[in-house]
Amino acid sequence: MTSPSLPGGTWTLGDLTVTRFGYGAMQLAGPWVMGPPADHHGALAVLREAVALGITHIDTSDAYGPHVTNRLIREALHPYPDSLHIVTKVGANRDQRGGWPPARDPESLRRSVHENLDNLGLDVLDLVNLRLGDAEGPQPGPVAEAFETLVELQQQGLIRHLGLSNATPEQVAEAQAIAPIVCVQNLYNLAHRQDDALIDALAEQGVAYVPFFPLGGFTPLQSSALAAVASRLEAAPMSVALAWLLRRSPNILLIPGTSSVAHLRENVAGAGLALSADDLAELDKVGR
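Numbering of the sequence shown is given in UniProt numbering, commencing with residue 1 and proceeding in unit increments.
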C-alpha cells in the first residue's frame with residue numbers, strides 16, 4: 001500500500017500504476033557505476049526501505065555495475081510485491097574504462113533483455129527504455145531498427161511496455177509511429193530545461209516524463225534562486241528542487257538515487273514541501 005506521506009500521488013504507465021516518487025538504483029553500484037557497492041548490506045537496506053516507504057517504481061539497468069544493481073534488487077526484494085514495478089533500460093554496455101558504448105543492434109538488445117530478466121528473476125519486464133544518444137546527451141539519428149527489435153520482444157511476451165531514454169523529440173515521434181510508448185527518460189532538472197516543450201506535449205498525450213539526474217547528477221545543482229527559496233523555507237536546496245519537479249507537470253515521475261537510507265527518507269520528505277506561487281515563479285526563472 002502506498003504510504004500516505006509519499007508525495008506526488010500516482011501515475012499510470014500503460015496498465016501499471018506507479019508512485020510518482022520513485023527510486024533510481026544506479027548509485028547502489030560502486031564508484032562511477034562500476035563494480036559492487038562498498039556496503040552490500042546497506043544497499044539492500046535502501047531497496048527494502050524504498051518499498052517500505054510505499055515506493056512502487058524502481059528504475060535500474062543491467063548495465064549498472066554491470067549486473068550489480070539488478071542482482072541487488074533481486075536479493076533484496078524477490079519475490080516482488082504485486083504493486084512493485086521495475087523499469088529497466090537497454091541500448092548501452094559498459095567497457096573496462098567505465099564508458100557507455102552503444103549496444104543497439106538487434107543481437108545486443110535481445111541479449112540485454114534476457115540478461116535483465118535473468119538478473120532480476122523475472123519472466124517479463126514491466127517496462128524497457130531504449131537508451132539512445134551517448135554520454136554527451138541525445139544525438140539525432142534513426143531509431144526504427146532498434147525500437148522494432150524491442151517491439152518484437154514485446155510481442156513475444158517478454159516486455160509489457162516500452163519507452164525511450166536520452167531521446168530527441170524527433171526520435172520520440174519516430175518511435176511512436178511504430179508502437180506506443182509510455183515514458184521518456186531524459187536529462188532534466190531545475191537548471192536544465194531544454195525539454196520543456198517535450199514535457200508539455202507528452203503530458204497532453206498521457207505519456208510520462210522521467211528526468212534523470214533530477215538533482216544535477218555528478219555535479220549537484222547550484223543556483224542563487226534555489227538557495228534563496230530553500231533558505232526561506234528552511235529546507236535543503238535539493239528538497240526544493242525535487243518539490244519543484246513534482247509541481248512542474250503531473251506527468252513527471254521522480255527517480256532520485258541514493259545509497260543511504262537516511263538520504264532516501266530526506267528525499268521523500270523534501271519532495272513533499274509546499275511551494276507557494278511566489279516560490280514557483282522564482283524557481284521557474286532558473287534555467288530559462
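For every residue, glycine included, the Cβ atom is placed at its ideal position computed from N, Cα and C.
Beta-bridge partners of residue i, as assigned by DSSP
i	result
Ile86	Ile58
Pro185	Inspection of the sequence shows that residue 185 is occupied by Gln rather than by Pro. Paired residue(s): Ser165, Val210.
Ile255	DSSP output for Ile255 lists no bridge partner at all.
Leu16	Leu13
His192	Asn189
Met34	Gly65
Per-residue DSSP class, three states only, for residue i
i	result
Leu221	coil
Asp134	strand
Val286	coil
Gly24	strand
His67	coil
Ser273	It is Leu, not Ser, that sits at residue 273 in the sequence shown. In this structure, Leu273 counts as coil in the three-state DSSP scheme.
Pro79	coil
Leu264	helix
Asp279	helix
Asp39	coil
With 16 other Cβ atoms within 10 Å as the buried cut-off, status of residue i
i	result
Trp32	exposed
Gln194	exposed
Met1	Low confidence applies here, because Met1 scores a pLDDT of 41, under 50, leaving its location unreliable; read the following figure in that light. Counting Cβ neighbours within 10 Å, Met1 comes out exposed, since fewer than 16 surround it.
Arg94	buried
Asp123	exposed
Arg48	exposed
Pro256	buried
Asp279	buried
Rounded C-alpha distance that separates residue i from residue j
i	j	result
Trp11	Ala179	20 angstroms
Arg111	Ala92	12 angstroms
Pro235	Ala269	Note on residue identity: the sequence assigns Ala, not Pro, to residue 235. Their Cα atoms are separated by approximately 10 angstroms.
Leu158	Leu264	31 angstroms
Ala173	Asp39	42 angstroms
Leu127	Gly163	7 angstroms
Gly22	Gln154	24 angstroms
Val240	Gln27	21 angstroms
Gly272	Leu13	22 angstroms
Leu72	Pro214	23 angstroms
Residue i Cβ short of 8 angstroms to the ligand SAH heavy atom set
i	result
Gln155	For the ligand SAH, the structure offers nothing, since it holds no ligand at all.
query = Where are the beta strand (DSSP E) runs, 3 residues long or more, that stay fully inside the stretch 88-175, in chain order?
reply = 125-131, 159-165
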